[in-house]
Amino acid sequence: MKICVFCSANQQIDPEFFTLTEELGRWAAKNGHSIVFGGVNLGLMECVARATREAGGRTIGVVPAIVEKSRRTSDHVDVEILCDNLNDRKQLMEDKSDVFIALPGGIGTLDEIFTIASSATIGYHQKPLILYNMKGFWDSLVALLEDLQTKGVIRGRWQDYIHVANSLDEIADFIEAIALP
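The sequence shown begins at 95 in my numbering and counts up by one.
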């Protein structure tokens, strides 16, 4: 499968997030999955790409022109797809991926999560989105989604579009289940 990873491009975050991200990259490579990511050479983006490639896996970097121009493109990109802006990037990542995993991240990651989830709610795709809840990182977002559900502003159940995994084992089980014919 092509697994799209949304995540932080910051270095100054919990070191354990890097350890868990490396494990994800190695697991993906070991299981024959490719990683689609934002192509940046910083933070968890660089971490997942490096770990995937070092374990023999393949990476696909979707790189906006501004990133390439500033020379922040990862050296761990096997296939580079250039795009004009972040909207193009999100669309290309959606098109090129089978499943999405959101690692710890900020405003950009939130934008990506909700773009994918909202696209699924109106039928543009049926691709799963997983919040990798490392050390409870997404607990406050889950609480917000629960609150919105309670207030009736989410059509259906948010869990039909966004899955929460607290470990790599849960991610592996989920992906294995959806990969079965």
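Ideal placement from N, C-alpha and C gives every residue a C-beta, glycine not left out.
Please name the residue in Phe268, Leu197, Ser164 and Ser212 whose C-alpha comes closest to that of Asn135.
Among Phe268, Leu197, Ser164 and Ser212, the Cα nearest to that of Asn135 is on Ser164.
Nearer than 6 Å: is that true of the beta carbon of Tyr226 relative to any heavy atom of the ligand FAD?
You won't find the ligand FAD in this model; it holds no ligand whatsoever.
Got a sec? Which residues, its chain only, sit under 7 Å from Asp241 by beta carbon, not counting five neighbours each side?
none
Could you tell me how far apart the beta carbons of Val193 and Met95 are, in whole angstroms, since I believe they sit closer than 8 Å?
6 Å
Going by the DSSP bridge assignment, what does Val258 pair with across the sheet?
Leu225
Taking C-alpha atoms, which residue in Trp232, Gly217 and Lys190 lies nearest to Ile207?
Trp232
Among residues of its own chain, excluding the 5 on either side of Phe112, which ones have a beta-carbon nearer than 6 Å to its beta-carbon?
Cys141
Go ahead and pull the three-state DSSP assignment for Lys184.
Lys184: helix per DSSP, three-state reduction.
Report the rounded CA-to-CA distance for Gly119 versus Thr209, giving the unit in angstroms.
23 Å
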